[in-house]
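One structure is given below, encoded as structure tokens.
Numbering (UniProt numbering), first residue to last: 1 to 145.
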């Protein structure tokens, strides 16, 4: 069964988001766009909080958030106890975020990585599984609940 992916961000990530939705759908993933729906200036928390909540509630397997630096969307997503968002700028970090941290959201800095790399990172992130083992106990200690 294909994974369900939630995607969103801000105006700086709008173009990447739209391209990535098409690329992921062509690969067979079910993707929901949480916005924004234009490149007009927006406040990213308005889109990232609903995305993170939907992942926490089990509606989606993983999320992709994209803004200029990747920092704002990652910080916002990580305010949710059930989210482990990882800011990535290469494929190795995307894989390690899943393998070692069981990250469920990748944050992509659109102003600092080319689109082709962003798409590769997202696909690596989605296709990589959590290793568990020695990492399991560490991940269980992340949430403040």
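C-beta: ideal position from N, C-alpha, C; glycine also.
*Label residue 102 either buried or exposed according to how many other C-beta atoms from any shown protein chain fall within 10 Å of its C-beta, with 16 as the threshold for buried.*
It counts as buried.
*Considering only residues of the region 16 to 96, which uninterrupted alpha helix (DSSP H) runs meet the minimum length of 4 residues and lie entirely inside it, listed in chain order?*
Fully enclosed alpha helix (DSSP H) runs of 4 or longer: 45 to 56 and 71 to 77.
*Closest to residue 89 by CA distance: which of 104, 105, 4 and 109 is it?*
Checked all of 104, 105, 4 and 109; the closest Cα to residue 89 is 109.
*Beta-carbon proximity of residue 122 to residue 107, cut-off 8 Å*: It is not a contact, given that the beta carbons lie outside the stated cut-off.
_Proximity winner among 130, 55 and 18, relative to residue 94 (alpha-carbon distances)_ = Relative to the Cα of residue 94, the nearest Cα in the group 130, 55 and 18 belongs to 130.
*Got a sec? Which residues, its chain only, sit under 7 Å from residue 71 by beta carbon, not counting five neighbours each side?*
Here residue 71 has 87 as same chain residues with Cβ atoms under 7 Å from its own Cβ, once five neighbours each way along the sequence are excluded.
*Do residue 91 and residue 20 have their C-beta atoms closer together than 8 Å?*
8 Å or more divides the Cβ of residue 91 from the Cβ of residue 20.
*Could you give the distance in angstroms between the alpha-carbon of residue 134 and the alpha-carbon of residue 83?*
So the two alpha carbons sit approximately 20 Å from each other.
*Check residue 126 in the structure and name its three-state DSSP category.*
Correct three-state label for residue 126: helix.
*List the whole-angstrom C-beta distance separating residue 48 from residue 76, where the pair is believed to meet the contact cut-off of C-beta under 8 Å.*
Confirmed, about 4 Å.
*Helix, strand or coil for residue 113 per DSSP?*
The three-state reading of DSSP puts residue 113 in coil, since its state is none of H, G, I, E or B.
*To the nearest angstrom, how far is it from the Cα of residue 14 to the Cα of residue 54?*
Straight-line Cα distance between these residues: approximately 20 Å.
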